[in-house]
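Visitor: Okay, handing you the structure first.
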Amino acid sequence: MKKLFWGLLGLAYALVGCKSKPAFTYLEGQAQGTTFRIVYADSRDFSKAIDSLFRAIDHSMSLWDSTSIISRFNRNSSGTIADAHFEKVFNKSQEVAKLTEGAFDITVGPLVKAWGFSYKKGLPLPTPSQVDSLLQWVGYQNVSIENSVLVKKNPAIEIDFNAIAQGYTVDVMAEFLKAHGINDYLVEIGGEVRAEGYNEKGQIWQIGIDKPTEKEEAERPLQTIVSLNGKSLATSGSYRKFVVREGKKYSHAIDPKTGSPITHNLLSISVIADDCMTADAFATAFLVMGLEKAKTIAKQQRLELYGIYATPEGKLQTFATAHFFSTSPPN
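Final position of the sequence shown in our numbering is 757; the numbers increase by one with none missing.
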């Protein structure tokens, strides 16, 4: 599961080429419980501004910040007010929840914890009665924003933006760069990516998609590579994030309808969309739904997807929509 907390340890430096080419700056470090990499065609150092953006987003949506808006809402602090960051992510979450018939649900967090993901790891598996008890508080329809005030139908309800907030953060960073006149950039946070224009070699940005493997290898093998220009890519997978109890693996992807981990054969799903927040949310929903249902929603929403799944014999197979490898807009 993705974690949201600030811890920027960035390094900024510029690689200056010949006079006809702009300098490229690289910002790399740790934030939101993962790594980030921001590359852009400009010699200006925006590390302090990027730092501030990470802080602002975490103060809005980080479960690891006890003073954040989301933490106060989950503690039932009265009159919790949503800021602009929170409201944008909340509205997109509710939109995707409706479009996927609840496969994406920001209220599923307590079930994720109960199954051993998030903070309380190593706990015994929840019993069916415990799952049923938690399910009564799961449902995106049970939370709302009314005149900027966060509202929930029962004090036991909690929300969690882990499945969408990193995609949103990517968009915030990308829009910041564009606002400063930068048209060649790549923003990557925890594997969620948005890219536009060209890299330092004058080529369209090339993004690798990991081959499903349970091993945390120093150099992860790639399943495929996709060109990205003016688009965003997000991937959700169940092949590395799981718990093992009594010799059986349980995926981190929890179906909000059943309250239990998914059991289908989809191992990884990558989604290309105009913005990374949308790609991130749908990638999560599609992993829960399975490939066949994902295909239907992707067609309806004009999203491109790439799925990796296992046959009954354990052989890897792939599926890609018609334009997954040709989504870049014309120059």
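For glycine and all other residues, C-beta sits at the position ideal for the given N, C-alpha and C.
(1) Quick check on the burial criterion: 16 or more other C-beta atoms within 10 angstroms. Buried or exposed for His606?
(2) I need the boundaries of the beta strand (DSSP E) containing Val596, first residue and last residue.
(3) Taking Cβ positions, are Asp468 and Ile608 nearer each other than 8 Å?
(4) Excluding the 5 residues flanking Ala475 on each side, which residues of the same chain have their C-beta closer than 8 Å to its C-beta?
(5) So, are the CB atoms of Asp509 and Ser494 less than 8 Å apart?
(6) Please state if the CB of Ser488 and the CB of Ile512 are separated by a distance shorter than 8 Å.
(7) Using 10 angstroms around the beta-carbon of Thr533, count the other beta-carbons present and answer buried if the total reaches 16, otherwise exposed.
(8) Flag this pair as touching only if the stretch 554-574 and the stretch 617-632 have three or more C-beta atom pairs under 8 Å; answer yes or no.
(9) I'd like to confirm the pairing. Which residues does DSSP put opposite Glu730 in its beta bridges?
(10) With C-beta atoms as the reference, is Glu622 less than 8 Å away from Gly593?
(11) So what's Lys721 in DSSP terms, helix, strand or just coil?
(12) Using the beta-carbon count (16 or more within 10 Å), is Asp558 buried or exposed?
(13) Confirm, please, whether the CB-CB distance from Leu560 to Ala529 is below 8 Å.
Guide: Looking at the atomic coordinates:
(1) exposed
(2) No beta strand (DSSP E) contains Val596, which is instead part of the alpha helix (DSSP H) from Ala591 to Ala605.
(3) yes
(4) Phe602
(5) no
(6) First, the residue type needs correcting, since residue 512 is Phe and not Ile in the sequence shown. Going by C-beta atoms, Phe512 is not nearer than 8 Å to Ser488.
(7) buried
(8) no
(9) Ile698
(10) no
(11) helix
(12) exposed
(13) no
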